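K.L.:
Using numbering that gives the first Met the number 0, read the sequence shown as starting at 0 and increasing by one per residue. Heads up, the beta-carbon is just placed ideally off N, CA and C, and yes, glycines get one too. The structure presented is a predicted model; accordingly, all values stated were derived computationally and were not measured.
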Amino acid sequence: MPLSRCKQCNQPLVEIDHWGEGLIGCPTCNRWQASTGEWCRLAPDDIIALRELKAVRLRAEEKA
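#1: Among S34, T35, V13, A48, which one has its Cα closest to the Cα of N25?
#2: Where does L57 fall in DSSP's three states?
#3: In the DSSP output, which residue or residues are listed as bridge partners for R40?
#4: So what does G21 bridge to, in DSSP terms?
#5: Quick check on DSSP: helix, strand or coil for A33?
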């Protein structure tokens, strides 16, 4: 089942593993929800790393 979109910016939500905890959220808005239902924000360094990972993946898909 595809993930839904962010209600604030309409970007697709992504699922990540954050130090062993599964989170679903929006890297653009930095709003994440844990399986417990709690909402959180990630540290700026984590967001930068996610955005860099996304850019690398997009470049790899363009080459394929």
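P.N.:
In short:
#1: The sequence as given places Cys at residue 25; Asn does not occur at that position. Nearest Cα to C25 within the set S34, T35, V13, A48: V13.
#2: helix
#3: Note: R40 sits in no beta bridge, so no partner.
#4: D16
#5: strand
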